[in-house]
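Engineer: Its first residue numbered 1, the sequence shown is counted upward by one per residue in my numbering. All C-beta atoms, glycine included, are put in the ideal place defined by N, C-alpha and C.
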Amino acid sequence: MKKILFLFGLLIINSCSSDDNYDDCKQTWNVTRYYEYPPECENKGEYPSTYDKEFSCNEVKNINEGDRILDSKLASCGGVYIRFNYRVK
1 MKKILFLFGL LIINSCSSDD NYDDCKQTWN VTRYYEYPPE CENKGEYPST
51 YDKEFSCNEV KNINEGDRIL DSKLASCGGV YIRFNYRVK
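1) Contact check, Val80 vs Tyr35 under 8 Å by CB: the rounded distance?
2) Rounded to whole angstroms, what is the Cα-Cα separation between Lys53 and Val31?
3) Taking Cβ to Cβ, would you say Ile82 is nearer than 8 Å to Arg33?
4) Let me make sure I understand the geometry here. Which of Gly66, Phe84, Gly78 has the alpha-carbon closest to that of Glu46?
5) For the candidate residues Ala75, Tyr86, Thr28, whose alpha-carbon lies nearest to that of Asp67?
Have a look at this one:
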């Protein structure tokens with residue numbers, strides 16, 4: 001019985017150590033954070049800000065240069081987006 005539990009434990013450990021496990025992996029990207037509003041909104045957002053930001057590899061595994069994601073939806077109207085300019089070497 002102990003041998004079966006040991007082998008089952010090894011199976012779980014092996015499956016957890018697959019390529020999809022990016023716990024310690026980090027990537028730094030140059031990003032631009034900006035506000036975007038539909039034409040019917042009268043909101044005026046802050047000026048875009050560009051900076052380097054560190055992400056876990058799992059967060060950006062499908063990101064390419066030029067991609068943008070919705071960072072947060074604004075309650076009033078519009079949203080805040082992040083554009084990935086380039087990966088910092």
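Structural biologist: In terms of the structure at hand:
1) 6 Å
2) 7 Å
3) yes
4) Gly78
5) Tyr86
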